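Asker:
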Amino acid sequence: MTDVLSRRERKKDETRHRIFHAAIDLFREKGFEQTTVDDITEQADVAKGTFFNYFRRKEAVLAFLSETRLQAIEENAEAFLAEARPAREKLMDLYSSAASAYEEDRELSRYVLIELMTHMFSPTEEIAVRWHEQIVRLVTQGQENGELRHDLAPLRVEAVLTGLYYATLYEWVCCVPDAFSLLEELRARLTLAMEGIAS
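This is the structure we're talking about:
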């Protein structure tokens, strides 16, 4: 019975990923606005009803892209936390790594970011809570190690850093192309903020 269930779950995962990859390929080829659900289902070779079993709407595919990136961070979280490096350095690397994924496709990133920002600032949204947890753990580690100020609530520190992160991303995807390097500017801004929370 367990084997049957795991086979069924694997089949569901395969279908979800097939739809997801078909959609992303089309978004890159035709543009997000020009791609329809019918285009995606044809490319993925699934029925329209199957698409809606996995994704409520076209935009939900973008949320799944963010979900896969967050899962990768979570899978490496324990090893990352255990690294013998300053917490500030690890925070910088975590934000930089997350931002680097956006550099792959600026146009698509605009839609990903807009979709993600509708969820990331809700205190009850699961993906937001999971992201906040990763940052708060690093902030807490920095405070315990004496690297970061103890008089600041970890959640407030996380809110400041994450707000700065999203503001920089948004400016990068929406401003004149190549006005600034995303990673260089993000690291410079985060450095300024972290100087204010250092012990």
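Residues 533 to 731 in the working numbering are what the sequence shown spells out, letter by letter.
All C-beta atoms, glycine included, are put in the ideal place defined by N, C-alpha and C.
Note that the coordinates shown come from a computational prediction; the quantities given were computed from them, not determined experimentally.
1) When burial is assigned at 16 or more other CB atoms within 10 Å of the CB, is Gln-603 buried or exposed?
2) With 16 other CB atoms within 10 Å as the buried threshold, where does Ser-713 fall?
3) In the DSSP assignment, what are the bridge partners of Ala-730?
4) Is it true that the CB of Ser-641 sits closer than 9 Å to the CB of Leu-715?
5) Would you check if the distance between the CB atom of Ile-667 and the CB atom of Leu-623 is smaller than 9 Å?
6) Taking the continuous alpha helix (DSSP H) assigned at Asp-570, which residues delimit it?
7) Considering only residues of the same chain and omitting the five flanking positions on each side of Ile-729, which have a CB-CB separation below 7 Å?
8) Could you tell me whether the Cβ atoms of Phe-564 and Glu-639 are closer together than 9 Å?
9) In terms of alpha-carbon separation, which member of Glu-615, Leu-613, Ala-555 and Thr-700 lies closest to Tyr-586?
10) Locate the alpha helix (DSSP H) running through Glu-621, then write down its first and last residues.
11) Over the uninterrupted alpha helix (DSSP H) stretch that includes Arg-688, give me the two end residues.
12) Quick one: grab the DSSP three-state call for Gln-675.
13) When the distance is taken between beta carbons, is Ala-611 closer than 9 Å to Arg-669?
Answerer: So, from the listed chains and residues:
1) Stepping through the sequence shown from its first residue, residue 603 is reached at position 71. The residue is exposed, with fewer than 16 neighbouring Cβ atoms inside 10 Å.
2) Reading the sequence shown from its first residue, position 181 is the one you call residue 713. Result: exposed.
3) Here residue 730 refers to the residue found at position 198 when the sequence shown is read from its first residue. In DSSP, Ala-730 forms a bridge with Leu-680.
4) In the sequence shown, the residue the question calls residue 715 occupies position 183. In the sequence shown, the residue the question calls residue 641 occupies position 109. For the 9 Å CB-CB criterion, Leu-715 and Ser-641 do not form a contact.
5) Within the sequence shown, residue 667 is the residue found at index 135, counting from 1. Within the sequence shown, residue 623 is the residue found at index 91, counting from 1. It is a contact, given that the beta carbons lie within the stated cut-off.
6) As a working note, residue 570 is residue 38 in the sequence shown. From DSSP, the alpha helix (DSSP H) with Asp-570 extends over 569-576.
7) Here the question's residue 729 lines up with position 197 in the sequence shown. Contacts found: Leu-680, Arg-681, Leu-684 and Val-689.
8) For the purposes of this step, residue 564 is taken as the residue at position 32 of the sequence shown. For the purposes of this step, residue 639 is taken as the residue at position 107 of the sequence shown. It is a contact, given that the beta carbons lie within the stated cut-off.
9) Taking the sequence shown and counting its residues from 1, one reaches residue 586 at position 54. For the residues Glu-615, Leu-613, Ala-555 and Thr-700, the minimum Cα distance to Tyr-586 belongs to Ala-555.
10) As a position in the sequence shown, residue 621 is number 89, starting the count at 1. Looking at the DSSP string, the run of the alpha helix (DSSP H) that includes Glu-621 is 619-632.
11) For the purposes of this step, residue 688 is identified with residue 156 of the sequence shown, where counting begins at 1. 686-706 is the span of the alpha helix (DSSP H), which, as asked, contains Arg-688.
12) By one-based count along the sequence shown, residue 675 stands at place 143. DSSP places Gln-675 within a helical segment (H, G or I) once states are collapsed to three.
13) In the sequence shown, the residue the question calls residue 669 occupies position 137. In the sequence shown, the residue the question calls residue 611 occupies position 79. Contact: no.
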